[in-house]
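Asks:
Now the structure itself:
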């Protein structure tokens with residue numbers, strides 16, 4: 001059973017370009033979460049999605065950031081017009097499809113975004 | 117609002133000695149508490165969780181954690197540390213009615229010296 005897959009593992013973008021980060025949850029998981037980890041900091045919640053629905057986006061910046069989890073295919077975190085401050089590791093996690101909070105989240109290896 | 121504090125940025129212990137990594141939390145209602153470990157350039161790996169029941173929770177790799185409701189703490193412990201335990205450890209809390217948002221502490225770097 002493959003774990004959470006993220007690609008690319010490393011992404012370099014120039015200021016102003018778009019970054020698209022992909023996440024495939026574990027088999028059987030339909031809850032996906034995105035977190036951002038800045039250098040020397042902990043993980044900060046960004047968004048929580050179920051298939052075709054955004055459940056909680058309270059951690060998403062108001063502009064330039066968007067996320068989706070379509071019926072088919074991976075979840076996508078999209079950052080438009082990237083700036084240097086967007087440089088971070090972006091982690092995706094998934095959990096079982098139960099509407100309760102006690103299921104642990106399984107994390108992918110992360111995408112390390114560098115904005116030059 | 118929910119929050120987590122890991123008061124120590126760094127913990128250093130000698131191999132074979134017991135280790136404790138501290139975590140305190142704040143959440144309204146009953147908390148779900150988790151510990152994760154992160155090795156360099158890797159994602160987080162789940163270690164253990166407290167949902168309900170016994171206050172002492174046993175997890176992977178010989179780790180355990182003690183839930184203390186009166187002190188709102190969930191310290192991670194191991195009786196005998198290994199050099200390979202050296203990593204970054206994160207405590208996380210989730211409200212029992214919020215299936216999504218986990219709040220993580222800032223992490224504690226554990227270094228075990230031979």
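Chains as they are written, first to last, in my numbering: chain X, 1 to 116; chain S, 117 to 230.
All residues carry an ideal CB built from backbone N, CA and C; glycine is no exception.
When DSSP labels each residue in this structure, what does residue 86(X) get in the three-state scheme?
Replies: helix
Asks: Just to check my reading of the structure: residue 6(X) and residue 23(X) have Cβ atoms closer than 8 Å, yes? What is that Cβ distance to the nearest angstrom?
Replies: 5 Å
Asks: Using the Cβ count rule (16 or more neighbours within 10 Å means buried), how would you classify residue 10(X)?
Replies: exposed
Asks: Per DSSP, residue 4(X) is paired with what?
Replies: Residue 4(X) pairs with nothing; no bridge assigned.
Asks: Show which residues of chain X have a CB atom less than 8 Å away from the CB atom of residue 222(S).
Replies: 41, 42
Asks: Span of the beta strand (DSSP E) holding residue 180(S)?
Replies: 180-184
Asks: Alpha carbon to alpha carbon, how far is residue 180(S) from residue 189(S)? Give it in angstroms, no decimals.
Replies: 13 Å
Asks: Between residue 69(X) and chain S, is any beta-carbon pair separated by less than 8 Å?
Replies: no
Asks: Taking DSSP as the reference, what is the three-state secondary structure of residue 201(S)?
Replies: helix
Asks: Could you spell out the range, first to last residue, of the beta strand (DSSP E) harbouring residue 119(S)?
Replies: 119-121
Asks: Since residue 29(X) and residue 95(X) should fall inside the 8 Å C-beta cutoff, what is the C-beta to C-beta distance between them, to a whole number of angstroms?
Replies: 6 Å
Asks: Quick check: the Cα distance between residue 171(S) and residue 89(X), rounded to an integer number of angstroms?
Replies: 34 Å
Asks: Count the other CB atoms, across all protein chains shown, that sit within 10 Å of the CB of residue 104(X); report buried if there are 16 or more and exposed otherwise.
Replies: buried
Asks: According to the Cβ coordinates, are residue 163(S) and residue 175(S) closer than 8 Å?
Replies: yes
Asks: Would DSSP call residue 176(S) helix, strand or coil?
Replies: helix
Asks: Pair every Cβ in the stretch 217-225 of chain S with every Cβ in the stretch 122-129 of chain S, then say whether three or more of these pairs are closer than 8 Å.
Replies: A contact exists between the stretch 217-225 of chain S and the stretch 122-129 of chain S.
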